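K.L.:
Note that the sequence shown covers residues 1336 to 1510 in the working numbering.
Sharing a structure here in structure tokens format.
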Amino acid sequence: MNSFADLMHSRRSCRKFTDEKIDADALSMVLNAALLSPSAKNRRSWHFVVVEDKATLEKLSECKESGAALLRDAAVAVVVVGNVTENDCWIEDCSIATLSMQLQAEDLGLGSCWVQVRNRGLNSGERGTDIVRGILNIPEGLDTLCILALGHKANELPMKNDDDARWEQVHVGSF
């Protein structure tokens, strides 16, 4: 990537991946981006569960009614978990860490897609966070924000352009 502006224009949610595995060094760089992310009071009250096992990815793809099926074809999923008892800013901290991973993935030419888990679930009323907790044995006191799907892009999406920026949503001085 030549610049941060280029990175922001090229990053798109990728929902279709090839079968190619992600290189261990590239995955390490993506995770390192999360671990170096800013957090409230530098508490870093997050955990990242890396899932490469296809059977587990299949189970995770069923944690909510829609929007998670793409996990089946991802090379890797990173389940982003926050400590809800340690930090009241866990949602914000985990969100920043997830975006950091997405930007690093894009910089490496990898695709990513945020799969929302918090406040999502099945029509039966079962919470997505409880489903993920059961699959990955996540301890009480920790809650899942999202699952980040990662992989090599099956197709390239067009870059965003400056016309996509909604400047009418920027207010200076007051609303």
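Just so you know, even glycine gets a beta-carbon here, dropped at the ideal spot from N, CA and C.
Owing to the predicted nature of the structure, the values given are computational and were not obtained by experimental measurement.
For Val1365, count neighbouring C-beta atoms within 10 Å of its own C-beta (all shown protein chains included) and say buried if the count is 16 or more, exposed if not.
P.N.:
Sequence index remark: in the sequence shown, residue 1365 carries index 30 (1-based). Result: buried.
K.L.:
Should the segment 1442 to 1449 be called in touch with the segment 1483 to 1496, which here means at least 3 C-beta pairs below 8 Å?
P.N.:
Yes, the segment 1442 to 1449 touches the segment 1483 to 1496.
K.L.:
Given that a residue counts as buried once 16 or more other Cβ atoms are within 10 Å of its Cβ, and exposed if not, what is Val1505?
P.N.:
As a working note, residue 1505 is residue 170 in the sequence shown. Answer is exposed; the Cβ neighbour count stays below 16.
K.L.:
Report the start-end ranges of each beta strand (DSSP E) in the segment 1426 to 1484 that is 3 residues or longer and not cut off at the edges.
P.N.:
Runs of the beta strand (DSSP E) inside the segment 1426 to 1484: 1445 to 1451.
K.L.:
Measuring alpha carbon to alpha carbon, tell me which of Ile1473, Glu1503, Leu1483, Ala1410 ends up nearest Ile1431.
P.N.:
Counted from its first residue, the sequence shown places residue 1431 at position 96. Residue Leu1483 is the option with its Cα nearest to Ile1431.
K.L.:
What number of angstroms, rounded off, separates the C-alpha of Leu1395 from the C-alpha of Asp1498?
P.N.:
On the sequence shown, position 60 is the one that residue 1395 refers to. On the sequence shown, position 163 is the one that residue 1498 refers to. The straight-line gap from Cα to Cα measures roughly 36 Å.
K.L.:
Taking only heavy atoms of the ligand COA into account, decide whether any of them is closer than 7 Å to the Cβ of Pro1493.
P.N.:
The ligand content of the structure shown is nil, which means the ligand COA is not present either.
K.L.:
Thr1353: which of Arg1407, Cys1429, Met1436, Val1414 sits nearest, CA to CA?
P.N.:
Taking the first residue of the sequence shown as 1, we reach residue 1353 at position 18. When only C-alpha atoms are compared, the closest one is Arg1407.
K.L.:
Suppose contacts are defined by Cβ-Cβ distances below 8 Å. Is Val1415 in contact with Leu1480 by that definition?
P.N.:
Sequence index remark: in the sequence shown, residue 1415 carries index 80 (1-based). Sequence index remark: in the sequence shown, residue 1480 carries index 145 (1-based). Contact: yes.
K.L.:
Can you tell me which of Pro1373, Gly1402, Gly1508 puts its alpha carbon nearest to the alpha carbon of Gly1463?
P.N.:
Translated into positions along the sequence shown, residue 1463 becomes position 128. For Gly1463, the nearest C-alpha among the options comes from Gly1402.
K.L.:
Work out the CA separation of Leu1371 and Met1343 for me, nearest whole Å.
P.N.:
Locating residue 1343 in the sequence shown gives position 8, where the first residue counts as 1. Locating residue 1371 in the sequence shown gives position 36, where the first residue counts as 1. If you take the alpha carbons of Met1343 and Leu1371, they lie about 19 Å apart.
K.L.:
Name the two residues that bound the continuous alpha helix (DSSP H) containing Ala1369.
P.N.:
Along the sequence shown, read from residue 1 onward, the residue named residue 1369 stands at position 34. 1359 to 1370 is the span of the alpha helix (DSSP H), which, as asked, contains Ala1369.
K.L.:
What is the rounded straight-line gap between the Cα of Val1456 and the Cα of Leu1362?
P.N.:
Taking the sequence shown and counting its residues from 1, the one referred to as residue 1456 is at position 121. Taking the sequence shown and counting its residues from 1, the one referred to as residue 1362 is at position 27. In the sequence as displayed, the identity of residue 1456 is Gly instead of Val. One C-alpha to the other measures close to 28 Å.
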